[in-house]
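Here is the structure we will look at, set down as structure tokens.
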Amino acid sequence: MVVTLFGLCVATLAIPSMARIAPRDSTYPAPGPCMGNCWTHDPSMIQRSIDSMYFRFSTGPGVNTMVSPDLEGPWEDWGPALPKGSIIQLDGVDDMDIWAPDLHYADDTYYMYYVVSKLGTQTSEIGVATSKSMDPGTWTDHGVIGLPPNSAYNRIDPNWITIDGKQYLQFGSYWEDLFQVELDTPLQVSSQTPHQLAYNASLDHREEASFMFQHGDYYYLLFSGGVAGSYTADYPAQGEEYRIHMCRSTSGTRDFVDKAGVSCLDSGGTILLESHDQIYAPGGQGVLNDQDNGLVLYYQYYPLSLKEAGGDGVAGFLYGWNKLGWQDDWPYVMATDGY
Ligand SMILES: *[C@@H]1O[C@H](CO)[C@@H](O)[C@H](O)[C@H]1NC(C)=O
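So, in structure tokens, the structure goes:
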């Protein structure tokens, strides 16, 4: 069933059949099935409270919005959340080009943090929009959240969490990697200085797309390490492509360590998921607390067959998902057979 549905999803996007490529040995299980429109980039997933409908938001003109009655689909494109783009105007940036949405629900309102940015620069802003239903066209854009610029960080890849009644936003990419800032309200950061959560001292400090969630006694910080790339003609050296790392902390605000006890401020970060079999460069991840399946890891990946066929850039990315299992208070990626 997994193979059939997965094949269907890929066939929809008209890329070469995966059946011709022999599977490699793998320590990771395949993602769950996907039907319908399985494209994604920097996904954020949430279930709507009123009807349990799944929403998958992605980087795209006006924020790409996909909906489905089930995790596996059939996923349908509902058009842009912000059809007129962001009210944030940045020099040299198309206001329709909105990145890395992050969704949560509180006080009968859906909040969507988002980014406008010039690729590879610190010319970036984090904005926020709200809606009562998440239907396209119902979003009210409130613009910037007031995060001050700083040469230490890039104001991209926001991720919201509440810890002991206080609201925080994780953010950042490259430069000095991942930071956290307290919010005064969901629409406005506090005047407190953002503090660093994770840093990789090697090479060009590749950590981004943070996502924090709570489970048991810990807060888990997931992030993407390695080279993101648009995966057209140029690919990073093998092993340097995107992958998902994890760290944990009891406070959620400091002292994140990996499985070996290495501080995540000191280049720590255990790998949760990396390239395997037909799954190349998984990243841009998040965790959904699914009403039926518990904690589910979702992510973007590039099909290896597409890479081997020459690549298709951002258009080639697909949505993957797996339930999370637990061992010694660390998550691992589970097979989805009979989920
Ligand atoms: C830090 O960077 C090195 C070199 O790119 C890489 O091998 C390692 O996996 C990275 N670690 C983390 C936690 O990002």
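What the sequence shown shows, in mature numbering (1 follows the signal peptide of the UniProt record, and there is no 0), is residues -19 to -1, 1 to 320, in sequence order. Ideal placement from N, C-alpha and C gives every residue a C-beta, glycine not left out.
With DSSP run on the structure shown, which of helix, strand or coil describes residue i?
| i | result |
| --- | --- |
| G73 | coil |
| E289 | helix |
| M(-19) | Residue placement at M(-19) cannot be trusted, given a pLDDT of 28 that sits under 50; what the coordinates show is reported in the next sentence. Reduced to three states, the DSSP call for M(-19) is coil. |
| A316 | coil |
| G66 | coil |
| A133 | coil |
| G13 | coil |
| I2 | Annotation note: pLDDT 41 at I2 (below 50); position unreliable, coordinate value reported separately. The answer is coil: DSSP assigns I2 none of H, G, I, E or B. |
| V44 | coil |
| G264 | strand |
| G60 | coil |
| G153 | strand |
| G118 | coil |
| G297 | helix |
| D310 | coil |
| S112 | strand |
| Q272 | coil |
| S256 | coil |
| G197 | coil |
| I79 | strand |
| G124 | strand |
| L52 | coil |
In the DSSP assignment, what residue or residues form a beta bridge with residue i?
| i | result |
| --- | --- |
| T8 | Answer by DSSP bridge pairing: none, since T8 is not bridged. |
| Q148 | T143 |
| A179 | L159 |
| K304 | V277 |
| E164 | It should be noted that the sequence gives Leu, not Glu, for residue 164. DSSP output for L164 lists V170 as bridge partner(s). |
| G206 | E188 and R224 |
| E106 | V97 |
Going by C-alpha to C-alpha distance, which of the options sits closest to residue i?
| i | options | result |
| --- | --- | --- |
| R187 | G146, C245 and W56 | C245 |
| G206 | H226, G73 and Q195 | H226 |
| T8 | L278, E289 and I252 | I252 |
| L63 | M93, E222 and W56 | M93 |
| W56 | P312, V162 and G301 | G301 |
| D32 | V109, S114 and P61 | S114 |
| H257 | D236, L285 and Q266 | L285 |
| E255 | D75, G127, T111 and L203 | L203 |
| E163 | L276, G146, F192 and Q308 | G146 |
| Y283 | G275, L276 and V295 | V295 |
| S154 | G124, F192 and D122 | F192 |
| S230 | V243, Y212, Y201 and Y216 | Y201 |
| residue 341 | T102, A110 and N45 | As displayed, the chain neither begins before -19 nor continues past 320, which places residue 341 out of reach and without an answer. |
| D51 | Q103, M34 and T40 | M34 |
| Q70 | G54, D58, S39 and D122 | D122 |
| G73 | Y216, L100 and Y91 | L100 |
key: By C-beta, the residues closer than 5 Å to any heavy atom of ligand 3, given in chain order   = Summarising the ligand content, the structure contains ligand 1 and does not contain ligand 3.
key: beta strand (DSSP E) runs wholly inside the region 208 to 254, at least 3 long, in chain order   = 224 to 230 and 251 to 254
query = Hey, which unbroken runs of the beta strand (DSSP E) at 3 residues or more fall wholly within the region 15 to 42?
reply = 25 to 28 and 35 to 39
ask   = When the Cβ atoms of the region 133 to 144 are set against those of the region 110 to 124, are three or more pairs found closer than 8 Å?
value = no
Three-pair Cβ contact test at 8 Å for the region 123 to 132 versus the region 72 to 91 = no
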